[in-house]
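Chains as they are written, first to last, in full-length UniProt numbering: chain B, 1 to 572; chain U, 1 to 171.
We put the CB at the ideal spot given by N, CA and C, even for glycine.
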Amino acid sequence: MLQEAAFTEVKAESSPVSGADLLIEALKKENVEVIFGYPGGAVLPIYDSIYDCNILHVLPRHEQGGIHAAEGYARVSGKAGVVIATSGPGATNIVTGLADAMMDSLPLVVFTGQVATGVIGTDAFQEADILGITTPITKYNFQVRRIEDIPKIIKEAFHIATTGRPGPVLIDFPKDIAAAKTARPDEPEISLPGYQPTIEPNYLQIRKLTEAISSSKKPVILAGAGIMHSNAAEELKVFAEQQNLPVVHTLLGLGGFPADHPLFLGMGGMHGCYAANMALYECDLLINIGARFDDRLTGNLKHFAQKAAVAHIDIDPAEIGKNVTTSIPIVGDAKEALKLLVKQGGKPPRHVEWMAKLDSWKLEYPYWHEDVESPIKPQRLMQMLHEKSKGEAIVVTDVGQHQMWAAQHYSMSAPGRWVTSGGLGTMGFGVPASIGAQLAEPDACVIAVVGDAGFQMSAQELSVIAEMNLPIKIAIFNNHSLGMVRQWQEIFYKERYSHSRMPSQPSFIKLAEAYGIKGYEVHSETEAGEVLEDVLNNREPVLLDFRIDASENVYPMIAPGKGLHEMEGVKK
Amino acid sequence: MKRTITLTVLNRPGVLNRITNLFSKRDYNIESISVGHAEQAGVSRITCVVHVENDRVIEQISKQLNKQIDVLKVTDISDQAIVARELALVKVAAQPNNRNEIQSLIEPFRASVIDIGKESMIIQITGETEKVEAFIELVRPYGIKELARTGTTAFPRSSQRPGQTKSCSLV
Ligand SMILES: Cc1ncc(C[n+]2csc(CCOP(=O)(O)OP(=O)(O)O)c2C)c(N)n1
């Protein structure tokens, strides 16, 4: 018996593992379900271990597609998206996705291949200084220098990516280290003495906020994506109802609070609604929960919430006071802070007049559009998508006018159903991100709302959708133009449409068919209704080329440099 | 206004890159930065002197630095009693006939001559930035051939008297 135990121990010690095997084992320990990766010379040893590793591997048709898919997966699942790219061009192809994930606080763990340690720094074939390139656009990055460090580095990478304010972490993996063999290292322990996110908010600050709420006359909550990251949608609702507080969402916050709730005012910011923006402008107490006061939300800071005391709950202390002077700073996790606030249960404000005013704004100045049968009005189309999918779809967008129409007209009633590139505004995000979203929730109805231009930045990923038979509904809002650019040129550049129109386009239907995906060209509202009825309920991918009114603009709008109270196009 | 920040950081590859990157990314105006090993193994101490317009900016800088994974501690020591020193090497044009004259300037500054050539001499001076700059201006008329400065490195003094602001000393 004793002898046997000794024997197996010796055996375990004497069967060495490769760096690549250690990588795969570490991913399994983190319960990784899917890898978005693209092979190449420097990652061949890793791919040899992937060959029979039993983790789903998705091969995008461009590394940028891979990392956007990982972002979509992370946004919907709340887990880290995992990406592998080879050295040099593979690594530089993921730069846009890293910047995007950094801006929108999405947890990613990204592996890049690197040339062998012996030739690093010699401009070897396919060498790129990816640590240097990605330092400003990652939460952290590592380069593996010793094979025995692999389990520890990967454990730390997942920890950093998914805790505190989430973000992308990159691990640069020299080829020789992936290929090398070692005795199995000990179970790793995280040692990050400089990284200790504050989770528990300061009780005194919570009390200060409770008192400020009780004595306010015009309070409003501004809720951002921090609600989703901390899984606090339920707590937000309980808190808002307990204190009878109106709620405004940022673009990325949509879904954190139910859109049909009487306390919901709508989205704020450049293309937000009147009631939301005027509430932010007029309020005397602004409670920011997990938003970062982005300039597309605040408009000109000189006019932003000037009459208000500002409270800001954020897990990242550096966000507090960055753009807006804050009198009640609360560093901590949104869920914990909201729980404490509810427990405090202070006296709700006496704000009957304010609530009446907000209600009248909501009633008087909703989003508006014209009713025309053909060409299709994009706002109406968005509403139809909402109706026909019963408001339950996961909506993934690209960037441009269609993105704003989706935000305005697809009312989100639950968290984790809204996937969009907010901070970086990355065209080409939509189609690949929808792949990740569908993989995170295989049974959900996923709609990719994209423009005709952005679609063409990542159309090659149709191949993945077809290959995996993902039932994604791609809705192209086709206006034969770079719509949002065209709109700005119309309004701010005297209709001088410099390179923003695309009169000649391929047949998107034929393109879809080339990949084996069914496509429909849709010209009128009636046709749209019929097609949607048909396709939204089946489990096949489909591409819908909606010919929308090319002259349509997104309103209301706040021109750059203007304040939230200077909205244009509020009414017909 | 000028502020002095000290940081202790884990001595990991890329840490200095992350910090200098942050300064340029956030458009902070940095006057000097000096780095070296601290008392603890694996830890480095960095001293940054920055120019900022107001307190809000310095607060932002501290928070952004603190947010870096490898940064252990950030302290703005500008309002404390501190010991701050930098070292400069100045190569001054010097002919045999004015060497003595230059020597006489050096003494009150407790600078020292560490190399003498046919037409120049190298002077080493340590002290607070103001002192170093005063000395450089004094020898400038003789002709400065080369100049190298380390940037400030600083500590809080052992005893901080309450209400005491910055104490300056010449040496
Ligand atoms: C990668 C990238 N390049 C350029 C832009 C600038 N940009 C923002 S919206 C837009 C037009 C998008 O056109 P389309 O995809 O057709 O969508 P639409 O606005 O027409 O709905 C452009 C060029 C961007 N956001 N991202």
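Check                                                                                                                                                  : Outcome
Could you tell me whether the Cβ of phenylalanine 173 of chain B comes closer than 8 Å to any Cβ of chain U?                                           : no
Can serine 481 of chain B be considered in contact with ligand 1, in the sense that its beta carbon sits closer than 7 Å to one or more heavy atoms?   : yes
Of all the options B:Gln456, B:Pro366, B:His523, B:Met567, which has the alpha carbon lying nearest to the alpha carbon of proline 506 of chain B?     : B:Gln456
Do valine 139 of chain U and leucine 105 of chain U count as a contact pair if the criterion is CB distance below 8 Å?                                 : yes
Under 8 Å, Cβ to Cβ, is there at least one residue of chain B near lysine 25 of chain U?                                                               : yes
Just how far apart, CA to CA, sit serine 327 of chain B and aspartate 284 of chain B?                                                                  : 12 Å
I need the DSSP call for methionine 267 of chain B, collapsed to helix, strand or coil.                                                                : strand
Secondary structure at methionine 484 of chain B, three-state DSSP: helix, strand or coil?                                                             : helix
Put methionine 404 of chain B into one of helix, strand or coil per three-state DSSP.                                                                  : helix
If you draw a straight line from the alpha carbon of serine 167 of chain U to that of phenylalanine 304 of chain B, how long is it in whole angstroms? : Residue confidence is low: serine 167 of chain U scores 40 on pLDDT, short of 50, so the model does not pin down where it sits. Its coordinate-derived value is still stated next. Answer to the nearest angstrom: the Cα atoms are 42 Å apart.
Indicate, with yes or no, if ligand 1 has a heavy atom lying under 7 Å from the CB of alanine 475 of chain B.                                          : no
Answer yes or no: the CB of glycine 569 of chain B versus the heavy atoms of ligand 1, is any distance below 7 Å?                                      : no
Taking C-beta pairs closer than 7 Å, name the residues in chain B that proline 13 of chain U reaches, listed in chain order.                           : Gln143
For residue 645 of chain B, which option in B:Gln408, B:Pro329, B:Asp186 has the closest C-alpha, if you only look at C-alpha atoms?                   : Not covered by the structure: residue 645 of chain B. The range shown for chain B is 1 to 572.
Going along the chain, which unbroken runs of the beta strand (DSSP E) with 3 or more residues stay wholly within the segment 481-551 of chain B?      : 518-522, 542-547
So, alanine 179 of chain B versus serine 18 of chain B, is the Cβ gap smaller than 8 Å?                                                                : yes
How long is the line joining the alpha carbons of tryptophan 418 of chain B and tyrosine 367 of chain B, rounded to whole angstroms?                   : 19 Å
According to DSSP, is aspartate 294 of chain B part of a helix, a strand, or is it coil?                                                               : coil
Quickly, what does DSSP pair tyrosine 140 of chain B with across the bridge? List them, please.                                                        : B:Val169
Taking any Cβ of chain U, which residues in the segment 116-130 of chain B have a Cβ under 8 Å from it, in chain order?                                : none
Would you call the segment 430-449 of chain B and the segment 458-478 of chain B touching, i.e. three or more CB-CB distances under 8 Å?               : yes
DSSP on phenylalanine 135 of chain U, reduced to helix/strand/coil?                                                                                    : helix
Would you report the Cα separation of alanine 276 of chain B and serine 105 of chain B, rounded to the nearest angstrom?                               : 24 Å
From the DSSP output, which residues share a beta bridge with leucine 108 of chain B?                                                                  : B:Gly81, B:Pro168
Using CA atoms only, rank isn't needed, just tell me which of B:Thr397, B:Ala433, B:Arg296 is closest to glycine 451 of chain B.                       : B:Thr397
Does the distance between the C-beta of histidine 271 of chain B and the nearest non-hydrogen atom of ligand 1 fall short of 7 Å?                      : no
Alpha helix (DSSP H) containing alanine 148 of chain U: first to last residue?                                                                         : No alpha helix (DSSP H) holds alanine 148 of chain U; the beta strand (DSSP E) holding it covers 144-149.
Which of the three DSSP states, helix, strand or coil, is assigned to proline 151 of chain B?                                                          : helix
With the cut-off set at 8 Å, would you say threonine 153 of chain U and arginine 85 of chain U are in Cβ contact?                                      : yes
Can you say whether glutamine 40 of chain U is buried or exposed, counting buried as having 16 or more other CB atoms within 10 angstroms of its CB?   : exposed
Determine, using beta carbons only, whether arginine 45 of chain U comes closer than 8 Å to chain B.                                                   : no
For glutamate 336 of chain B, name the three-state secondary structure that DSSP assigns.                                                              : helix
With DSSP collapsed to three states, give me the class of proline 188 of chain B.                                                                      : coil
With hydrogens ignored, establish whether the beta-carbon of valine 399 of chain B is closer than 7 Å to any heavy atom of ligand 1.                   : yes
Output needed in chain order: residues of the segment 191-209 of chain B with a Cβ under 7 Å from some Cβ in chain U.                                  : Leu192, Pro193, Gly194, Tyr195
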